[in-house]
Amino acid sequence: MPIREFVKRVIDAEWVARVIEVLDRRSDNRMTELGMLGQAFEFAKINHVPGDYLEFGLWRGKTFSYAYRMMHRYRRGDMKLWGFDSFQGLPETGDHPDNIWYKGQFACTRPEFESILRDRGFRRAEYELVEGFYSESLNDATHRRFSGRKAAIVYVDCDLYDSTIQVLDFVQPYLVDGSIICFDDYYNYKGDPEQGEQKALAEFLQKQTRVRVIPYMDYAPLGKSFICRVNE
Ligand SMILES: C[S@@+](CC[C@H](N)C(=O)[O-])C[C@H]1O[C@@H](n2cnc3c(N)ncnc32)[C@H](O)[C@@H]1O
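Each position in the sequence shown, counted from 1, maps to that position plus 124 in our numbering.
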């Protein structure tokens, strides 16, 4: 086997991820994105939370691959992984005080992305991709595609306030009691509640009454997760 292929297989191996997790816990006890997804999948398993995994903001598939690993570890054969991305990177990032982003950042084409998934062992039937900028792709046709399904775990990693607003409006009808939502950049902009994902969540909670959230875990340097409670 060529050395490159060998190294790739070792990096992607489940036992390597386990060793890293254990070392990570023993070193400085940091909760990484992988650790967060592990907790979310275990929470969903213990509580029998029905539904799929939805990720908004895929880039080169790091967290999507973590979710894939966890779906297999927790034997969620009933679950599908849904990935939503423009595959052209960030849209216009707008003019706001601490902007650190630019249009086109994190571009990874769909063929490139799917090739990464294949290399990591994803089977085609295990995932669905919704391509396009959310302002266009989170439309009635996508609602019809998702119709009858639920969202057990939602991973929001699309960085921008506007994108996060669109995502929360889209997922709202699919959230159930016990759905977990993770925001990868919740504490961005030095934790400013008036920017980014944090602002988008606060506004979402103000404008609708069906879903409220219970703070769950902080993770990585900027992430925070919540458990959903739903008024039917
Ligand atoms: C930080 S990257 C995601 C990182 C990824 N989760 C990982 O594990 O490395 C942000 C992603 O969000 C996507 N994105 C942000 N806003 C978007 C929008 N409005 N529509 C579609 N994709 C968007 C970008 O294309 C980009 O791939």
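Each residue gets a CB set at the ideal place from its N, CA and C atoms; glycine is no exception.
Checklist entry - Whose CA, out of Ala326, Glu236, Gly315 and Ser259, lies closest to the CA of Val294? => result One detail in the question is off: residue 294 reads as Phe in this sequence, not Val. Restricting attention to Ala326, Glu236, Gly315 and Ser259, the CA atom closest to the CA of Phe294 is found in Ser259.
Next on the checklist: Residues in the same chain with beta-carbon distance under 7 angstroms from Tyr198, minus the five sequence neighbours each way, listed in chain order, please.
Outcome noted: Excluding the 5 residues flanking it on each side, Tyr198 has same chain C-beta neighbours closer than 7 angstroms at Phe165, Glu166 and Lys169, in chain order.
Checklist entry - Exposed or buried, which one is Met203 when buried takes at least 16 other CB atoms within 10 Å? => result Buried, because 16 or more other Cβ atoms sit within 10 Å of the Cβ of Met203.
Checklist entry - How about Val173 and Ser349: are their beta carbons less than 9 angstroms apart? => result Against a cut-off of 9 angstroms, the Cβ pair of Ser349 and Val173 comes out as no contact.
Checklist entry - Nearest to Gly256 by alpha carbon, out of Gln290, Gly347 and Pro221? => result Per the C-alpha coordinates, the member of Gln290, Gly347 and Pro221 positioned closest to Gly256 is Gln290.
Checklist entry - Looking at Phe208 and Leu182, is the spacing between their C-beta atoms short of 9 angstroms? => result Closer than 9 angstroms, so yes.
Checklist entry - Going along the chain, which residues of its own chain have a beta-carbon closer than 8 angstroms to the beta-carbon of Pro345, five neighbours each way excluded? => result Tyr311.
Next on the checklist: Mapping the DSSP letters down to three states, classify Trp276 as helix, strand or coil.
Outcome noted: Note that residue 276 is Ala in the sequence shown here, rather than Trp. Note: Ala276 maps to strand in three-state DSSP.
Checklist entry - Which of the three DSSP states, helix, strand or coil, is assigned to Leu329? => result Helix.
Checklist entry - Can at least three beta-carbon pairs, one atom from the segment 225–240 and one from the segment 130–138, be found at a separation below 8 angstroms? => result Touching, no.
Checklist entry - According to DSSP, what are the bridge partners of Asp222? => result Answer is none; Asp222 lacks a bridge partner.
Item to check | beta-carbon Gly272 near ligand 1 non-hydrogen atom, thresh 8 angstroms | outcome: Gly272: no, Cβ never under 8 angstroms from ligand 1.
Checklist entry - Quick one: what does DSSP say Gly302 is sitting in, helix, strand or coil? => result Reduced to three states, the DSSP call for Gly302 is strand.
Next on the checklist: Excluding the 5 residues flanking Arg334 on each side, which residues of the same chain have their C-beta closer than 7 angstroms to its C-beta?
Outcome noted: Annotation for Arg334: Gln296, Val354 and Asn355 place their beta carbon closer than 7 angstroms to its own, counting only its chain and skipping 5 residues before and after.
Item to check | Boundaries (first-last residue) of the beta strand (DSSP E) holding Glu255 | outcome: Element bounds for Glu255: Tyr251 to Glu255.
Item to check | Those residues which DSSP pairs with Trp183 across a bridge | outcome: Residue pairing from DSSP leaves Trp183 without any beta-bridge partner.
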